[in-house]
Amino acid sequence: MKQVFKTPQSLKPAIFHYCPGCGHSIIHRLVAEAIDELGIRERCIGVPPAGCAVLAYNYFDVDMGEAPHGRALAVATGIKRVLPDRVVFTYQGDGDIAAIGTAETIHAANRGEKITAIFVNNATYGMTGGQMAPTTLVGMGSTTTPKGRVAARDGAPLDLTQMLAVAKGSVYLERVTVNSPQAIKKAGKAIKKAFQVQLDGLGFALVEVLSPCPTNWKMSPVDSFKWIDSTMAQVFPLGVIKDETGYQEAKGGGE
Amino acid sequence: MARQLMRGNHALGEAAVRAGCRYYFGYPITPQNEVPEYMSGRLLEVGGTFVQAESELASINMVIGASMAGGRVMTSSSSPGISLKQEGISYLAGLELPAVIVNMTRGGPGLGNIAPAQSDYFQATRGGGHGDYRCIVLAPASCQELCDLTIKAFDLADKYRNPVMILGDGMIGQMMEPVEFPEMTDLASLPAKDWTLTGAAGRPQRTILSLLLDPKVLENHNYKLVRKYDAVTLAETDWDTYLCEDARLVIVAFGTSARIAKGAIKRVREMGLKVGLFRPKSLWPFPTKPLEELSRVVRHLLVFEMNSGQMVEDVRLAVNGQAQVHFYGRPGGVVPTPEEIAHQISHYYYGAHLNEDGPSRARLVGGLS
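If you read the protein sequences in the order shown, they are chains A and B. Read in order, the letters of the first sequence are residues 7 to 261 in the working numbering. Read in order, the letters of the second sequence are residues 23 to 391 in the working numbering.
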């Protein structure tokens with residue numbers, strides 16, 4: 007009988023610590039599948055963030071080095087510059103990549119670092135208990151915006167991926183989500199393509215994943231999935247933001 | 023190789039390259055700009071990598087990554103920039119990653135000025151960043167020593183898997199002196215590292231982590247670091263003495279101050295004053311024991327620093343009341359002349375009646391143990 011579903015080799019047989027309905031587990035799997043499909047597990051080095059995914063090294067069966075909060079792309083730059091033939095990826099949340107690590111992110115993209123960044127945007131600081139994130143929507147409640155984010159006071163949500171598009175060194179930027187089987191499939195293809203960009207030495211690639219956080223959004227998982235389409239994706243529209251790969255549709259699995 | 027007349031900051035760069043440093047990450051700040059400038063060209067010649075980072079924070083984190091990947095790596099800066107690097111230095115210590123960090127100290131606090139100072143002694147020797155850790159801190163007093171200690175710094179960093187700081191100042195970095203360099207280190211001859219992140223090819227996954235959530239696990243990690251620091255203290259404490267054999271007063275100074283003090287001691291020796299110099303070359307580990315032994319014999323110490331009194335605390339701890347510890351310092355980037363220090367020495371010397379023979383208040387008979 008043909009086996010159609012199995013645990014990716016790049017994922018350890020461990021139980022995720024993530025909350026029910028959290029997007030991290032799905033995204034971890036997609037990253038692991040991309041690594042498996044490209045056959046790069048043994049030359050992959052990952053850099054987890056400070057945030058909910060800080061324990062990512064418990065799940066990914068690849069070498070991993072922990073970065074200070076926000077500095078993943080600087081640490082990854084150091085690794086990649088010493089070992090240019092290895093495949094280096096960062097896995098970062100919105101607070102990590104778009105608030106405290108904004109400078110590191112923009113300049114890594116601008117230098118065209120041959121690194122793959124996975125940016126998990128759940129519009130909240132999950133691990134610290136639901137404070138306002140750079141990507142928290144206007145009007146959205148958080149423990150530090152109890153009556154909702156006010157643009158005039160707190161700033162409007164920051165579209166980091168769009169900002170990265172103007173950096174000459176960024177080659178491939180796409181925003182996806184994981185709230186339906188179709189969306190998950192599409193996200194998987196984008197993540198694989200972002201690794202392919204690095205393998206081809208083209209430059210900086212980033213996939214932003216709109217990811218549900220039912221716990222801090224105070225919604226059921228199902229409502230969280232719906233809310234991504236109805237509300238979050240209105241502010242952070244899904245799709246390719248920049249693609250200078252020149253790939254035909256088939257290569258790297260891009261849409 | 024013949025001696026070359028070289029500026030300190032350039033000598034530092036050349037020494038690093040000869041020690042096998044192939045990765046440099048930095049950000050411009052006066053008075054150490056010659057280091058990144060030199061490294062940017064020199065590393066190209068030897069097939070290394072130079073990145074001018076967007077900030078000190080980014081550069082120290084690039085150092086973390088390069089060290090994780092097994093490279094011999096260095097960054098340099100001056101006081102305000104070193105403050106920014108403290109986050110990464112704490113991580114380097116916690117992750118047990120080797121790296122060389124250079125501080126060509128300038129006047130502070132804040133933006134301060136760009137003149138030579140020694141006001142970052144506390145920051146360098148106490149750790150500087152958060153958490154219970156130590157950096158090995160080496161203090162050169164000449165361009166040749168800057169070269170020698172830089173090479174030593176890379177070896178110590180690898181040996182102990184610990185960040186090593188070169189604590190110079192604007193004077194050491196900017197002045198020109200003849201320097202003799204050793205031959206290039208054969209990179210293949212360096213001890214292999216069995217802990218680096220290289221990809222899990224044919225071996226289990228490796229991780230380099232500083233998050234240790236279980237207090238018992240972190241406590242064990244802290245004690246492991248303590249044992250390492252104890253080993254460093256036993257093996258790597260380094261100091262120098264000058265004319266201490268008959269001294270009734272010993273000046274304690276490091277780096278540029280020690281050099282000025284030496285000039286002053288030569289002057290007062292001509293006047294017949296029995297004055298010597300004790301110069302810590304490793305500021306951490308501090309030469310506590312040799313200083314304590316010296317204080318059993320010499321009962322008057324004059325600590326001279328280009329700050330408002332920092333190393334003097336370590337001197338007082340070392341002698342533990344056995345000797346009189348007097349302090350003279352000039353903060354703010356002021357560099358005193360040997361004449362000024364000679365004046366301070368003679369003022370103290372005669373004030374304490376050290377010129378008079380009699381009951382041996384100044385010096386115990388029997389000499390150094």
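Virtual Cβ for every residue (Gly too), placed ideally from N, Cα, C.
- Fully enclosed alpha helix (DSSP H) runs of no fewer than 4 residues occupy 143 to 147, 165 to 182 and 192 to 196 of the segment 124 to 200 of chain B, in order along the chain.
- The Cβ of A/E43 sits no closer than 8 angstroms to any Cβ of chain B.
- Of the other Cβ atoms in all chains shown, 16 or more fall within 10 Å of the Cβ of B/F176; this residue is therefore buried.
- Nearest to B/A38 by C-alpha distance, out of B/A364, B/C169, B/R183 and B/R352, is B/C169.
- Between A/Y178 and A/A200, the gap from beta carbon to beta carbon is short of 8 angstroms.
- Separation of the CB atoms of A/G84 and B/A91 is rounded to 7 angstroms, and the pair is thereby assigned contact status at 8 angstroms.
- Within 10 angstroms of the beta-carbon of B/Y155 lie 16 or more other beta-carbons, which makes it buried.
- Membership of B/A37 in the alpha helix (DSSP H) is indicated by the continuous run G30 to R40.
- Taking a cut-off of 8 angstroms for Cβ pairs, the segment 56 to 73 of chain B and the segment 134 to 143 of chain B do not touch, as fewer than three such pairs fall below it.
- Taking a 10 Å sphere around the C-beta of A/E119, we find 16 or more other C-beta atoms and assign the residue as buried.
- One Cα belongs to B/A121, the other to B/L114, and the distance between them is close to 8 angstroms.
- Contact check for B/G277 against B/L212 fails: the beta carbons are separated by 8 angstroms or more.
- The shortest CA-to-CA distance from A/I112 to any of A/D165, A/A56 and A/I32 is the one to A/D165.
- A109, E110 and H113: these are the residues of the segment 104 to 119 of chain A whose beta carbon lies less than 7 angstroms from some beta carbon of chain B, given in chain order.
- Along the segment 62 to 84 of chain B, the positions whose C-beta sits under 9 angstroms from a C-beta of chain A are T71, V73, A75, E76, S77, L79, A80, S81, I82, N83 and M84, read in chain order.
- A straight-line Cα-Cα distance of about 29 angstroms links B/A222 and B/E241.
- Neighbourhood of B/R183 in chain A, by CB distance below 9 angstroms: empty, with the nearest CB roughly 14 angstroms away.
- Per the C-alpha coordinates, the member of A/M133, A/E250 and A/L216 positioned closest to A/A173 is A/E250.
- Per DSSP, B/S368 is one residue of the alpha helix (DSSP H) stretching across P360 to G373.
- Not a single CB atom of chain B sits nearer than 8 angstroms to the CB of A/G132.
- Listed in chain order, the positions of the segment 216 to 239 of chain B with a beta carbon within less than 8 angstroms of a beta carbon of chain A are L219, T220, G221, A222, A223, G224, Q227, R228, T229, I230, L231, S232 and L233.
- B/A115 is outside the set of residues whose beta carbon lies under 8 angstroms from a beta carbon in chain A.
- In this structure B/Y370 is in contact with B/L324, their Cβ atoms being roughly 6 angstroms apart against a cut-off of 8 angstroms.
- Taking the Cα positions, B/E315 is about 25 angstroms away from B/Q366.
- Note on geometry: alpha-carbon atoms of A/G71 and A/R87 lie some 15 angstroms from one another.
- Any Cβ of chain A closer than 8 angstroms to the Cβ of B/M96 would place that residue at the interface, and such an atom is absent.
- In the structure shown, A/T237 falls within a helical segment according to DSSP collapsed to helix, strand and coil.
- Put simply, of B/A210, B/P226, B/M206 and B/S77 the residue whose alpha carbon is nearest the alpha carbon of A/A114 is B/S77.
- For A/Y24, not one C-beta of chain B is nearer than 8 angstroms to its own C-beta.
- Interface with chain B (8 angstroms Cβ-Cβ cutoff): A/Y253 is excluded.
- The alpha-carbon of B/P53 is positioned some 5 angstroms away from that of B/G192.
- Going by DSSP, A/N127 is part of the beta strand (DSSP E) stretching over T122 to N127.
- A Cβ-Cβ separation of about 13 angstroms leaves B/L34 out of contact with B/A161 under the 8 angstroms criterion.
- A contact between stretches requires three or more CB pairs, one per stretch, nearer than 8 angstroms, and the segment 139 to 158 of chain A fails this requirement with the segment 42 to 49 of chain A.
- Residues of chain B whose Cβ lies closer than 8 angstroms to the Cβ of A/Y63 are, in chain order, Q227, T229 and L231.
- Across the segment 34 to 51 of chain B, CB contacts with chain A closer than 9 angstroms involve R44, Y45 and F47, in sequence order along the chain.
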